[in-house]
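**Q**
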Amino acid sequence: MTGMGKLLMIIGAVLLVLGFFMQFTKLGRLPGDIVIKKENATFYFPIVTSIVASIVLSLIFYVIGKWK
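Okay, so the sequence shown: first residue is 1 according to UniProt numbering, each after it adds one.
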């Protein structure tokens, strides 16, 4: 298997685990996430959730990079 194939499989696995984790925790509704509700529309911008996900993914890829 090529290096790109392994990377894509790892990314897919990480996204799958993150999706399950977000489904059963409050990760998508952290304090600091922006929610604006108007009459017929809702705007949701998960800024804090994005920062947390970025830190976690950075740590995971750092460990994978050191492990290679």
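Ideal Cβ placement from N, Cα and C applies to all residues, glycine included.
Predicted model, so just to flag it, every value in this text is computed and none were measured.
Considering K66, what are the terminal residues of the alpha helix (DSSP H) in which it resides?
**A** Taken as a continuous stretch (DSSP letters only), the alpha helix (DSSP H) holding K66 covers 47-67.
**Q** Is it true that the CB of L18 sits closer than 8 angstroms to the CB of A41?
**A** For A41 and L18, no; Cβs fall outside 8 angstroms.
**Q** With K37 as the anchor, note down where its beta strand (DSSP E) starts and where it stops.
**A** Where K37 is concerned, the enclosing beta strand (DSSP E) stretches over 34-37.
**Q** Quick check on this structure: which residue in L59, T49, I34 has the alpha carbon closest to the alpha carbon of T25?
**A** Measuring from the Cα of T25, the nearest candidate turns out to be T49.
**Q** Could you give the first and the last residue of the continuous alpha helix (DSSP H) run that contains A13?
**A** Residues 3-24.
**Q** Rounded to whole angstroms, what's the CA-CA distance from V35 to L15? Just pull it up for me.
**A** The alpha-carbon atoms of V35 and L15 are separated by roughly 24 angstroms.
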